[in-house]
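S.K.: Chains as they are written, first to last, in the working numbering: chain Y, 1 to 162; chain D, 1 to 118.
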Amino acid sequence: MTSLTLVRRIRARPSIVFEALTTPDGIAQWWGPDDGPVLLAETDVRVGGRFQVRFRMLDGSEHESSGEYLEVVASKRLVMSWQWTSGGEPDEHDELSRVEIDLKPIDAGTEITFTHARLKTEDSRSSHERGWAGALDKLARRFSSERLADGRAEDLIGEHAK
Amino acid sequence: MVNYSERHLDRTFAALTDRTRRAILARLEREHSASVTELAKPFAIKLPAVMKHLDVLDEAGLITRSKSGRVVTVRLSPEAMKEAMDWLRRYERFWSSSLDRLAAYAERKEDEARKKAR
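1. Comparing alpha-carbon positions, which option in D:LYS52, D:ILE63 and D:ALA44 lies nearest D:ARG27?
2. Between the alpha carbons of Y:ILE106 and Y:LEU6, how many angstroms are there, rounded?
3. Leaving aside the five residues before and after Y:ARG125 along the sequence, list all residues of the same chain whose C-beta is less than 6 Å from its C-beta, in chain order.
4. With 8 Å set as the bound, which would you pick, yes or no: does the beta-carbon of Y:TRP84 sit closer than that to a beta-carbon of chain D?
5. Going along chain D, which residues have a C-beta under 7 Å from Y:VAL17?
6. Below 6 Å CB to CB, which residues in the same chain sit around Y:GLY32 once its five sequence neighbours on both sides are set aside?
7. Quick check: Y:THR43 and Y:SER66, are their CB atoms within less than 8 Å of each other?
8. Assuming Y:GLU64 and Y:MET80 are in contact, meaning their beta carbons sit under 8 Å apart, how far apart are those beta carbons, in whole angstroms?
9. Hey, Y:LEU40 and Y:GLN52: beta-carbon distance below 8 Å or not?
10. What are the start and end residues of the beta strand (DSSP E) that includes Y:GLY109?
11. I need the DSSP call for D:SER68, collapsed to helix, strand or coil.
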């Protein structure tokens, strides 16, 4: 399994960050890879509840992803499945992935650890249990970063294997 | 339905989970190409075992083999790694940009909440 982990420090208390992550009004403010608008955001924030978010990119293309909340701990932790239901990457339309978000209170506000993990077949999952190291770790480390609240960017976190 | 590209990527990641196979890839990255005999030398395993590892790497699309007379030359094939890296790069872009805006929004809300509390 490979996954992407991003860690950020945000100058806001965890309850405010959690609200931004889970309410339709909050999601409309930030979701998507560029400054294009969020067209639809629906959330049913409880274990087994679903979310659905549709956004338009600046190139005019529209994309929609949806999933199910798997763990919900207010102001602390959010786990959800993730799938493109429209637009997105054509290669990935049948692929279910997993998003894990942990919020930790810090003096300056909140440290958010965000992981998007690609779920693999049983086959590769069992080989994964024998342990990852080396090449793949190096590969993933390049894609992780920590951006501190004051705007400094640093490479920090590597491949996050569970 | 699982598409070709997805199955292919599974094989790539599975192939990378073995220490010997990663060592073979690392060496090919340094030396560009090597014969099977040369590749087998540093390992305390027999040639047939090395051949099996090469089969796995070949099926995952990570190496290519070409035969000239009695010598089989092994080369690195970067396309499979590229696909895995593309996945990471795509989501890095998506979430990094989203989290930047999430942070800006939450910080605005925090400022508002503090002003109200005064």
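Every residue, glycine too, gets a C-beta built ideally from N, C-alpha and C. The structure presented is a predicted model; accordingly, all values stated were derived computationally and were not measured.
M.R.: Well, looking at it:
1. Numbered from 1 along the second sequence, position 27 holds the residue referred to as residue 27 of chain D. Looking at the Cα atoms, D:ILE63 is the closest of the given residues.
2. For the purposes of this step, residue 106 of chain Y is taken as the residue at position 106 of the first sequence. For the purposes of this step, residue 6 of chain Y is taken as the residue at position 6 of the first sequence. So the two alpha carbons sit approximately 17 Å from each other.
3. Residue numbering aside, residue 125 of chain Y sits at position 125 when the first sequence is read from its first letter. For Y:ARG125, the pLDDT reaches just 38, beneath the cut-off of 50, and the residue's location in the model is therefore unreliable, leaving the point undetermined.
4. Here residue 84 of chain Y refers to the residue found at position 84 of the first sequence. Contacts with chain D at 8 Å (Cβ-Cβ) do not include Y:TRP84.
5. Here residue 17 of chain Y refers to the residue found at position 17 when the first sequence is read from its first residue. Residues of chain D passing the Cβ test: ALA106.
6. Position 32 of the first sequence, counted from the start, is the residue given in the question as residue 32 of chain Y. Excluding its 5 nearest sequence neighbours in each direction, Y:GLY32 has C-beta neighbours in its own chain below 6 Å: PHE55, listed in chain order.
7. The residue you call residue 43 of chain Y lines up with position 43 of the first sequence. The residue you call residue 66 of chain Y lines up with position 66 of the first sequence. No, the pair does not count as a contact, with Cβ atoms beyond the cut-off.
8. Taking the first sequence and counting its residues from 1, one reaches residue 64 of chain Y at position 64. Taking the first sequence and counting its residues from 1, one reaches residue 80 of chain Y at position 80. Incorrect: roughly 15 Å between the Cβ atoms, too far for contact.
9. To locate residue 40 of chain Y, count along the first sequence from 1; it is residue 40. To locate residue 52 of chain Y, count along the first sequence from 1; it is residue 52. One thing to note: Y:LEU40 has its Cβ within 8 Å of the Cβ of Y:GLN52.
10. Looking up residue 109 of chain Y in the first sequence gives position 109. Note, Y:GLY109: beta strand (DSSP E), 109-118.
11. Numbered from its first residue, the second sequence carries residue 68 of chain D at position 68. D:SER68: strand per DSSP, three-state reduction.
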